[in-house]
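All remarks here apply to the structure that follows.
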Amino acid sequence: MEPSSNGSFNLRRMRRKRVGLILAGVLFLATIFGIVVLVTLLVDVVLTSVPWLDGQFLGSLPSRNPGEAGIQSALVGSLWLMGLTALISVPLGVASALYLEEYAQDGWFLRLIQVNIANLAGVPSVVYGILGLALFVRFAALGNSLLSGALTLSLLILPIIIISTQEALRSIPSGIRESAYALGATRWQVIYSHVLPMAAPGIMTGVILALSRAIGETAPLILVGALTFVPFVPQGALDQFTALPIQIFNWTARPQDEFRGLAAAAIVVLMILLFTMNLTAILLRNYFEERRAGA
Amino acid sequence: MPTNESTEDAPRTPPPASAEEPSANGRPDASERPDTESSAAGGEAPTEPAMKPKLNINDLHFWYGDNHALQGITMDIQPHKVTALIGPSGCGKSTLLRCLNRMNELIQGTTLEGTILVDGQDIYAENTDPVMVRRRVGMVFQKPNPFPKTIYKNVAWGAEINGYTGDIDALVERSLRQAALWDEVKDRLHTNALDLSGGQQQRLCIARTLAVQPDVVLMDEPASALDPIATSKVEETITELKKDYTIVIVTHNMQQASRISDETAFLYMGRLIEMNPTDQLFTRPEKDRTEAYVTGRFG
């Protein structure tokens, strides 16, 4: 089995093999480390939350008495925020991306915008909170309302939506565009009939991932004045509000142990919400891909 | 040599040529299609149509940025003929083709000088809408690129967006028949076009182009991505089509050019070296460079 050695090679077969095995082990440990930490966290949170997770918890307003406290106002607040944020950011983001990709002439101005969008995606969310406070709460006099919060979150996720939409648009083979133009289509007909439908799954995925980021944001909402104690359910876009991350933040800050259980329960609700959103993204993408294939 | 050459070419060309010529010559060319009549009335005084070129390219220059890709091309393209553009890679033949329906202006940073007339109308005139140019001068691309929709939708879409008022079902059938695809797909019109084979997809792309009823059909190496059987089907389709359309085809394949085209233009380094009837260009080229290329000594 030992390969013949003619003297010019020092094969060191065992040593090389050992290095390979050690490396594989290190890589495996690196993977496992993250998973173990996450699973521990999840198990801990879920176990702590179990006694508190019930219909009463979902359907009650916050209270000083842990036994009566619930997340109804925070949950409804978060759902309102998501709805409004999606309504504002998706049309704006998709429209911007369409303009930048399909209409804008290449040049220094376009490149400047592109660089700025990429940078904006990396700006800390608290900075958007300050902007929201100055622009929407004070200047536009919207107060610390759901609309202010949604507008702020929209600014926060617009760069993500624009960039992912641009990527989706860029991934469409140029042959599709060219052959549509060659049939005498106008730019808008090409976009509407071919580019948008083909980019839709990518756009959806980007939008939902962006919204998933927005739903967990706390800092900007605190700055635009989301309340920590909201004993009512918001009825409209101009109402004051709280949201799940803020409710969680509030409960974890309390001294009593029971509130920690409540916080855990709220975390589980937030995660289920997130999971549902991501699942929707996947289902939507599959649906569009199937429709593309079938019709 | 002259006697040899005619026997050499005889086995290649005759079936399509003899089948087509009586019908093509039976009527005057330009009055065959209503489009041509109306545009002739609008553009120029109606003349005797016999030799009036369909396309008239005059001193055409084209730049990609600083790259001077076409350097003064002048040529006439005759109606109801297949004109082949040949030449080595990078000689500008695809660029020239894409100038004929203003596809190149979709690429940023390009410049064009010179004129291209279709039926006497300048397609680059300031008041000419590129969308209308492309509707009259259709294009089939190198890679089959059907829309990811049904076969039916692929053919119908172009007509629909151009406001076709007739019976779409009939149009789809007619276009698919013209592209020699109808019999293979008539039972699966509402299935995804991407399930077709490469050759079928390319004929679908031809049908799609025909459905908007252009005057001129440009083809950019339409068979280069296909196997020999699919290629011969596409070639048959092309030969069939010249009854109704003027066809300009770019090809790398000189056998293909000699099989299907009536006229051939040889381009080299952005210039038109020679344009002549195909059998003449392949057997008695005027220029040494043409001869070197068609005999395979360079390129």
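Keeping their order, the protein sequence lines are chains A and B. Counting in this note's numbering, the first sequence runs from -3 upward without gaps. Counting in this note's numbering, the second sequence runs from 7 upward without gaps. C-beta: ideal position from N, C-alpha, C; glycine also.
Query raised in the report: Is the distance from the Cβ of residue 279 of chain B to the Cβ of residue 272 of chain B below 7 Å?
Result: Along the second sequence, one-based indexing puts residue 279 of chain B at 273. Along the second sequence, one-based indexing puts residue 272 of chain B at 266. Yes, Cβ-Cβ distance for residue 279 of chain B and residue 272 of chain B is below 7 Å.
Query - residue 32 of chain B classed as buried or exposed, judged by whether at least 16 other C-beta atoms fall within 10 angstroms - result: Numbered from its first residue, the second sequence carries residue 32 of chain B at position 26. Note that residue 32 of chain B has pLDDT 39, beneath the 50 cutoff, so the model's placement of it is unreliable and no number is given.
Requested in this report: Determine the closest residue to residue 95 of chain B out of B:192, B:226, B:150, B:179, with distance taken between C-alpha atoms.
Outcome: Taking the first residue of the second sequence as 1, we reach residue 95 of chain B at position 89. Here the closest residue by C-alpha is B:226.
Query raised in the report: residue 32 of chain A lies in the alpha helix (DSSP H); which residues open and close that run?
Result: The residue labelled residue 32 of chain A in the question sits at position 36 within the first sequence. From DSSP, the alpha helix (DSSP H) with residue 32 of chain A extends over 9 to 45.
Report task. Taking residue 275 of chain A and residue 210 of chain A to be in contact with their CB atoms under 8 Å, please state how far apart those CB atoms are, rounded to whole angstroms. Result -> Taking the first residue of the first sequence as position 1, residue 275 of chain A is located at position 279. Taking the first residue of the first sequence as position 1, residue 210 of chain A is located at position 214. Between the beta-carbon of residue 275 of chain A and that of residue 210 of chain A there is about 17 Å, and that puts the pair past the 8 Å contact cut.
Query - CB contact flag (residue 260 of chain A, residue 33 of chain A, <7 Å) - result: For the purposes of this step, residue 260 of chain A is taken as the residue at position 264 of the first sequence. For the purposes of this step, residue 33 of chain A is taken as the residue at position 37 of the first sequence. No, these two residues do not count as a Cβ contact at 7 Å.
Query raised in the report: With distances taken from CA atoms, which of A:170, A:62, A:187, A:204 is nearest residue 153 of chain A?
Result: Taking the first sequence and counting its residues from 1, the one referred to as residue 153 of chain A is at position 157. That would be A:204, whose Cα lies nearest to the Cα of residue 153 of chain A.
Query raised in the report: Applying a beta-carbon distance threshold of less than 7 Å, which residues of chain A neighbour residue 149 of chain B?
Result: On the second sequence, residue 149 of chain B is found 143 positions in, with the first residue counted as 1. Per Cβ cutoff of 7 Å: 171.
Query - CB contact check: residue 180 of chain A to chain B, cutoff 7 Å - result: Here residue 180 of chain A is taken as the residue at index 184 of the first sequence, counted from 1. By this cut-off, residue 180 of chain A is an interface position.
Query - Cβ pair count under 8 Å reaching 3, the region 57 to 75 of chain B against the region 99 to 118 of chain B - result: With the cut-off at 8 Å, the region 57 to 75 of chain B and the region 99 to 118 of chain B touch.
Query raised in the report: Would you call the region 50 to 69 of chain A and the region 256 to 271 of chain A touching, i.e. three or more CB-CB distances under 8 Å?
Result: As far as the Cβ criterion goes, the region 50 to 69 of chain A touches the region 256 to 271 of chain A, which means the pair count is three or higher.
Requested in this report: Mind reading off the beta-carbon distance from residue 62 of chain A to residue 240 of chain A? Whole number of angstroms is fine, and I expect it under 8 Å.
Outcome: Locating residue 62 of chain A in the first sequence gives position 66, where the first residue counts as 1. Locating residue 240 of chain A in the first sequence gives position 244, where the first residue counts as 1. With a Cβ gap of about 17 Å, residue 62 of chain A and residue 240 of chain A do not count as contacting.
Query raised in the report: Bridge partners of residue 144 of chain B, per DSSP?
Result: Here residue 144 of chain B refers to the residue found at position 138 of the second sequence. Answer is B:223.
**Report entry** Range of the contiguous beta strand (DSSP E) that encloses residue 251 of chain B
**Finding:** As a working mapping, residue 251 of chain B is identified with position 245 in the second sequence. Where residue 251 of chain B is concerned, there is no enclosing beta strand (DSSP E), because DSSP gives it neither an H nor an E.
**Report entry** Outcome for residue 207 of chain B when other beta-carbon atoms lying within 10 angstroms are tallied against a minimum of 16
**Finding:** Against the second sequence, residue 207 of chain B aligns to sequence position 201. So residue 207 of chain B ends up on the buried side.
Query raised in the report: If the cut is a Cβ gap below 8 Å, which residues of chain A does residue 215 of chain B touch?
Result: Walking along the second sequence from the start, residue 215 of chain B turns up at place 209. Neighbours of residue 215 of chain B on chain A, chain order: 178, 179.
Query - Residues near residue 195 of chain A by beta carbon distance below 8 Å, same chain, minus five either side - result: Counted from its first residue, the first sequence places residue 195 of chain A at position 199. Excluding sequence neighbours, residue 195 of chain A sits near 161, 164, 165, 167, 168.
Query raised in the report: By how many angstroms is the C-alpha of residue 159 of chain A removed from the C-alpha of residue 286 of chain A?
Result: In the first sequence, residue 286 of chain A corresponds to position 290, counting from 1. In the first sequence, residue 159 of chain A corresponds to position 163, counting from 1. Approximately 25 Å between the Cα atoms of the pair.
Query - Listed by chain order, chain E residues near residue 114 of chain B by CB distance under 8 Å - result: In summary, chain E is missing from the structure at hand, where the protein chains are A and B.
**Report entry** Where residue 124 of chain A sits in the DSSP three-state scheme
**Finding:** As a working mapping, residue 124 of chain A is identified with position 128 in the first sequence. Residue 124 of chain A: helix per DSSP, three-state reduction.
Query raised in the report: With 7 Å set as the bound, which would you pick, yes or no: does the beta-carbon of residue 175 of chain A sit closer than that to a beta-carbon of chain B?
Result: In the first sequence, the residue the question calls residue 175 of chain A occupies position 179. Interface residue, yes.
Query raised in the report: What's the gap between the Cα of residue 150 of chain B and the Cα of residue 126 of chain B?
Result: The count along the second sequence starts at 1 and reaches residue 150 of chain B at position 144. The count along the second sequence starts at 1 and reaches residue 126 of chain B at position 120. So the alpha carbons of these two residues sit roughly 32 Å apart.
Requested in this report: Under 7 Å between beta-carbons, which chain A residues line up against residue 168 of chain B? List them in chain order, please.
Outcome: Counted from its first residue, the second sequence places residue 168 of chain B at position 162. In chain order: 180.
**Report entry** Cβ-Cβ separation, residue 61 of chain B to residue 157 of chain B (assumed contact under 8 Å), whole Å
**Finding:** As a first step, residue 157 of chain B must be located in the second sequence, where it is residue number 151. As a first step, residue 61 of chain B must be located in the second sequence, where it is residue number 55. That belief does not hold up - the Cβ atoms of residue 157 of chain B and residue 61 of chain B are roughly 31 Å apart, past 8 Å.
Query raised in the report: Using a Cβ-Cβ cut-off of 6 Å (strictly less than) and excluding sequence neighbours within five positions of residue 111 of chain A, which residues of its own chain qualify?
Result: To locate residue 111 of chain A, count along the first sequence from 1; it is residue 115. Annotation for residue 111 of chain A: no residue places its beta carbon closer than 6 Å to its own, counting only its chain and skipping 5 residues before and after.
Report task. From the DSSP output, in three-state form, read off residue 175 of chain B for me. Result -> Within the second sequence, the letter at position 169 stands for residue 175 of chain B. Residue 175 of chain B carries a helical assignment under DSSP once its states are collapsed to helix, strand and coil.
Query raised in the report: So which of B:244, B:243, B:229 has the shortest CA-CA distance to residue 237 of chain B?
Result: Against the second sequence, residue 237 of chain B aligns to sequence position 231. Residue 237 of chain B has its Cα closest to that of B:229, out of B:244, B:243, B:229.
Requested in this report: Express the C-alpha separation of residue 291 of chain B and residue 300 of chain B in angstroms, rounding to a whole number.
Outcome: As a first step, residue 300 of chain B is located in the second sequence; it is residue number 294 there, counting from the start. As a first step, residue 291 of chain B is located in the second sequence; it is residue number 285 there, counting from the start. The C-alpha of residue 291 of chain B is placed about 9 Å away from the C-alpha of residue 300 of chain B.
Query raised in the report: Any chance the region 70 to 88 of chain A sits against the region 219 to 230 of chain A, with 3 or more Cβ pairs inside 8 Å?
Result: Short answer: they touch.
Report task. Give a yes or no on whether the C-beta atoms belonging to residue 187 of chain B and residue 217 of chain B are separated by under 7 Å. Result -> For the purposes of this step, residue 187 of chain B is identified with residue 181 of the second sequence, where counting begins at 1. For the purposes of this step, residue 217 of chain B is identified with residue 211 of the second sequence, where counting begins at 1. No, they are not a contact pair.
Query raised in the report: Short check: CB of residue 136 of chain B to CB of residue 104 of chain B, under 7 Å?
Result: Locating residue 136 of chain B in the second sequence gives position 130, where the first residue counts as 1. Locating residue 104 of chain B in the second sequence gives position 98, where the first residue counts as 1. Result no, Cβ atoms of residue 136 of chain B and residue 104 of chain B do not sit closer than 7 Å.
Requested in this report: Indicate whether residue 140 of chain A and residue 236 of chain A have their beta-carbon atoms separated by less than 7 Å.
Outcome: Within the first sequence, numbered from 1, the residue matching residue 140 of chain A stands at position 144. Within the first sequence, numbered from 1, the residue matching residue 236 of chain A stands at position 240. Contact: yes.
Query raised in the report: Which class does residue 66 of chain B belong to by DSSP, given the choice of helix, strand or coil?
Result: The residue you call residue 66 of chain B lines up with position 60 of the second sequence. Three-state result, residue 66 of chain B: strand.
**Report entry** Length-filtered (4 minimum) alpha helix (DSSP H) runs lying within the region 205 to 283 of chain A
**Finding:** Correct list: 215 to 219, 240 to 248.
Requested in this report: Please go through the region 187 to 231 of chain B and give each complete alpha helix (DSSP H) segment of 4 or more residues, from N-terminal end onward.
Outcome: DSSP assignment within the region 187 to 231 of chain B yields the following whole alpha helix (DSSP H) runs of 4 residues or more, N-terminal first: 188 to 191, 204 to 217.
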